[in-house]
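Comments concern the structure below.
The following block contains the structure:
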């Protein structure tokens, strides 16, 4: 494993008395890697914002469609998945390596329970590579430096930032994180991003009260943003059709009617 923490240090960082995003998200998508406090807080958030489970599932489905599109149609063979979350069915490496067994994937997270499950992520194909970095999105330079041990930054990389920049509360800082990461990527690389929104046109009115409850009862704190601020993360990049849309609608089946207050988009670096 590409991290230096011992099991003792992981246990010391693991707080099961406070609800944590990775475990609550796992609860929302029907996983078992969570505790009673996560279930209790997650269920209360769902009582405030009833579509939260739809958001979680739509975000996961977006990941599947985006990785499939990039691997199959754009020939991407390298993925940097930042903010991995707990492993579940069809992780990034499983989707990519099913299409291209030589695909190389680096996962990045700093949540201790994700670290405990990291070995599950490290079961890719013999032809490719799957690695895990215990690092923080707030330190993009360290992420890039450590990922370079597995990824070749002279070739295109798909940078995955799904539901992670909402934990960077300062918008300018979040934009700087994206800029620094994408500056290290070569031409032809992609940014894949999802982000919660309070925009009414996609049903985001209940996001703010739900997040207020979350921030008072769980960790880490979270924020939603409007379409303009989320679009700014793609500055200098070319959006792939259909652009920034509800993630449930991005390249979905034509009969898909679900719209969730979570934007998603894919863009390419010229």
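Residue numbers (full-length UniProt numbering): 1 to 270.
Here a beta-carbon is modelled for each residue, glycine too, at the ideal position from N, C-alpha and C.
As the structure is a prediction and not an experimental result, all values here were calculated from the model.
| Item | Value |
| --- | --- |
| Tell me which residue opens and which closes the alpha helix (DSSP H) that residue 211 is part of. | 207-217 |
| Write down the C-beta distance between residue 29 and residue 60 rounded to the nearest angstrom, noting that I regard them as a contact closer than 8 Å. | 6 Å |
| Are residue 78 and residue 98 touching if we call contact CB-CB under 8 Å? | no |
| First and last residue of the beta strand (DSSP E) that includes residue 160? | 158-162 |
| Would you give the residue range spanned by the beta strand (DSSP E) that residue 60 belongs to? | Looking at the DSSP string, residue 60 is not in any beta strand (DSSP E); the run it does join, the alpha helix (DSSP H), is 52-72. |
| Comparing C-alpha positions only, which one of 21, 49 and 260 sits nearest to residue 210? | 49 |
| Note down the Cα distance separating residue 132 from residue 172, rounded to an integer number of angstroms. | 27 Å |
| Just list the residues that DSSP pairs residue 169 with in beta bridges. | Answer by DSSP bridge pairing: none, since residue 169 is not bridged. |
| So, is residue 187 buried or exposed, given that buried needs 16 or more other C-beta atoms within 10 angstroms? | exposed |
| Using only the alpha-carbon positions, how far apart do residue 181 and residue 257 sit? | 34 Å |
| Thinking residue 137 and residue 113 are a contact (beta carbons under 8 Å), I'd like their distance in whole angstroms, please. | Not confirmed; about 17 Å, so no contact. |
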